[in-house]
Structures are given as C-alpha cells and as structure tokens.
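Report on the structure given below.
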Amino acid sequence: IYGFFTRRNLIMILISVELILNAVDINFAVFNRYLYPDQMEGLFFALFGIAIAACETAVVIAIIINVYRNFGNADVDNIKHLKG
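When we follow the working numbering, the leftmost residue of the sequence shown carries the number -5, and every step to the right adds one.
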C-alpha cells in the first residue's frame, strides 16, 4: 500500500497494485487450506482473482503506453493534463 501512495511512476504503481492483489489471492488460498481443507472454493476464487488481475494489468499497460507516447514519461502528474 505504501508504494501505491508514494510512487509517481505509473509502472511502479501498477507493480504495487499487483503485489496487493497477489497478497489477497495468497490469503484466499491459505485460509481455504486451513479452515476447509477438503473444499476447493477458496483456491478457485484465488484463480479467478489471478485471471481478473491479469486482465486489469493488460488494460493498465495499454493506458501507460499511451500516456508515455503522448508525454514522453509515465508519471502520474501527466494524467491531469489529459482532462478536457
């Protein structure tokens, strides 16, 4: 969470968000393993979360590439210039 709030580079923010999402997926898998060892719902939910994170990453990378092409760097400060 610290990296998400303190970084200015969009790629570093993306990496921070991915670390947060991976931590959530690990928690789903671990809690499922220890609370309900015979059931697979937590593991499937973790796999679903990984798939959603991969789709989100693809969309965000496309946005970052377009910001970089327009401004020459991928800083958060450039995004406010995209407004009307």
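Where is the CB? At the ideal position from N, CA and C, for every residue including glycine.
Can you list, in chain order, the residues of its chain with a C-beta nearer than 7 Å to that of residue 1? Leave out the 5 residues immediately preceding and following it. 7, 10
Determine which residues share a DSSP beta bridge with residue 69 and list them. 3
Can you tell me whether residue 61 is buried or exposed, with buried defined as 16 or more other CB within 10 angstroms of its CB? buried
Going by DSSP in three states, residue 28 sits in which element: helix, strand or coil? helix
Evaluate contact between the stretch 13 to 21 and the stretch 38 to 49, counting only Cβ atoms and requiring at least three cross-stretch pairs below 8 Å. yes
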